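K.L.:
I'd like to ask you about the structure that follows.
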Amino acid sequence: MKNIKKIFAILTLIMLVLSCENDGGDSKLNLKYGAIVNIQKQDDTDAFIDLLNVQNGGNFNLGITLDLALGKISSVDLVGFYTKKDGTITKATLVPNIVTLPTTINLSRQDIFDAFANINNAEDFESGDKLTISADITLKDGTVVKLINDDGSNNFSSNIATSNLYKLFQTYNVSCTSNLEGTYSVISSGTSTDSGPTSSENPISNFPYTVQISALGGGDYTISDAFGGIYILWYDIYGLDFEVEGSFSDVCGTISGKFPEPFGTDVIFSGTVNSNGTISIHWENGYGDFGDSVYTKQ
0 MKNIKKIFAI LTLIMLVLSC ENDGGDSKLN LKYGAIVNIQ KQDDTDAFID
50 LLNVQNGGNF NLGITLDLAL GKISSVDLVG FYTKKDGTIT KATLVPNIVT
100 LPTTINLSRQ DIFDAFANIN NAEDFESGDK LTISADITLK DGTVVKLIND
150 DGSNNFSSNI ATSNLYKLFQ TYNVSCTSNL EGTYSVISSG TSTDSGPTSS
200 ENPISNFPYT VQISALGGGD YTISDAFGGI YILWYDIYGL DFEVEGSFSD
250 VCGTISGKFP EPFGTDVIFS GTVNSNGTIS IHWENGYGDF GDSVYTKQ
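The opening residue of the sequence shown carries number 0 in numbering that gives the first Met the number 0; numbering runs sequentially from there.
Here it is, written out as C-alpha cells:
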C-alpha cells in the first residue's frame, strides 16, 4: 500500500547524505573539505534563449553572477553543458580561471559559438535544447571539484540542489516566449493501481479542481497541484490531504517535466499548449498510475 511506500520515502529523506561521487579525477564533492559557489541569473538579462529571435539574427544576453557560497578556493572555471533535444550533451569551458569573487559574467550568442564545437550558427539552436551553466572549482590544495560531472550528471545530493541559500547551476532553455502563469480550472480523469480508492473514485472522470501556475522564468513553471486534486481524492483514506507541487517547462508549446511525488517515485509530466489557450496534460508515476487533464485559464 502507498502509505507504507510513503514511510520509506520519508525515511529516505531523513537519511539524505552529501554526495561523494567521483568527478572523473581524484576529487569528491564532500563539503567537509570542499567548496561550492552560488550561481545566479542577473536581473534584466535573458532568462532563456529565444529561438525565434536567434533564428532572425538577434543576439541574447545571459547574465550570471558568480559568488563563493562555502569553503576556500583558488580559482573557478565557469562551464557550460549544451544538451540537444535528442539528449546529446557537450561540455565546454565558458570562462576559465576566475580568481576574484563575486563577479558578473555576460554571455552572448558569439560566446556560445566560440565555446561549443557543435553550435556554430543560428540554425544549430533547436527548440528543446538547453544550456546549463555551472562551475569547476579548484581548491587551495589543487583538488578540482566538479559541481556537475563531465557527462552532465549531478555531483551533489538533492538537499544541496534544493537549497534556498545558493544555486549550483542555472539552466537556459532554447524556447519561445511563454506566458502560462495564472489560475486554471482543471478537469481531470485518472486511474490508480492502488487498492485503496473506492470504485466510484477509481478510475475517476471529469473531476474538477483549481490550480495555480507560477512562472520561474525562461519557460519554467511550478504548479500548485500537479494531479489536479486527484491524489487528494484517492489517498485521503490514508489520512493524507495534500497538494503535490510539480514543475514543468514550456518549450514552444510542448510541456515536459519530471519531479518526485510523495510515495517515492518520479512523475513524468507531458502535454501541449493548445491554439485556444487551454493546456492538455498527461502524467504518469512509477507505480503505473496516470491521469489526463485539461487546464482552462480563469
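All C-beta atoms in this analysis are idealised placements derived from N, C-alpha and C, irrespective of residue type, glycine included. As the structure is a prediction and not an experimental result, all values here were calculated from the model.
(1) Of the residues PHE168, ALA114 and GLU200, which one's Cα is nearest the Cα of LEU65?
(2) Should ASP249 be labelled buried (16 or more other beta-carbon atoms within 10 Å of its own) or exposed?
(3) Give the secondary structure of GLN41 by DSSP, where H, G and I count as helix, E and B as strand, and everything else as coil.
(4) Might you give, ordered along the chain, the residues of its own chain that have their beta carbon closer than 7 Å to the beta carbon of GLY218, omitting 5 neighbours on each side?
(5) Taking 7 Å as the cut-off, decide whether the C-beta atoms of SER184 and GLN297 are in contact.
(6) Which one of ALA34, SER194 and TRP282 has the shortest CA to CA distance from GLY298?
(7) In chain order, what residues of the same chain have a beta carbon less than 6 Å from the beta carbon of VAL272, not counting five sequence neighbours either side?
(8) Would you check if the stretch 61-80 and the stretch 129-142 touch, i.e. whether three or more CB-CB distances between them fall below 8 Å?
(9) Do ASN105 and GLY62 have their C-beta atoms within less than 7 Å of each other?
(10) So which of TYR165, GLN211 and GLY290 has the shortest CA-CA distance to LYS40?
(11) My guess is that TYR208 and ASP224 are in contact by the Cβ rule of under 8 Å, so how many angstroms apart are they, rounded?
(12) Starting from the Cα of THR87, find the closest Cα among ASP128, VAL94 and ASN60 and give me that residue.
(13) Can you give me the C-alpha to C-alpha distance between ILE147 and THR182, rounded to a whole angstrom?
(14) By alpha-carbon positions, which one of TYR220, SER107, GLY228 and LYS71 ends up nearest to GLY141?
(15) Hey, VAL143 and GLY33: beta-carbon distance below 7 Å or not?
(16) How is ASP140 classed by DSSP in three states: helix, strand or coil?
(17) What number of angstroms, rounded off, separates the C-alpha of ASP123 from the C-alpha of ASN117?
(18) Here's the rule: buried if 16 or more other CB atoms are within 10 angstroms of the residue's CB, otherwise exposed. What is LYS139?
(19) Just verifying my parser: in three-state terms, what is the DSSP assignment at PHE112?
(20) From the DSSP output, read off the bridge partner residues of ASP123.
(21) Taking only runs that begin and end inside the stretch 180-261, name each unbroken alpha helix (DSSP H) of 4 or more residues, in chain order.
(22) Looking only at DSSP bridge pairs, what is GLN169 linked to?
(23) Going by DSSP, what residue range makes up the beta strand (DSSP E) through VAL53?
P.N.:
Result, derived from the coordinates:
(1) PHE168
(2) buried
(3) coil
(4) PHE47, ASN172, SER174, SER177, SER248, ASP249 and VAL250
(5) yes
(6) It is not possible to answer for residue 298, since the shown part of the chain is limited to 0 through 297.
(7) GLY252 and ILE278
(8) yes
(9) yes
(10) TYR165
(11) 7 Å
(12) ASP128
(13) 35 Å
(14) LYS71
(15) no
(16) coil
(17) 7 Å
(18) exposed
(19) helix
(20) According to DSSP, ASP123 bridges with nothing at all.
(21) 229-234
(22) ILE132
(23) Per DSSP, VAL53 belongs to no beta strand (DSSP E); it is in the alpha helix (DSSP H), 50-54.
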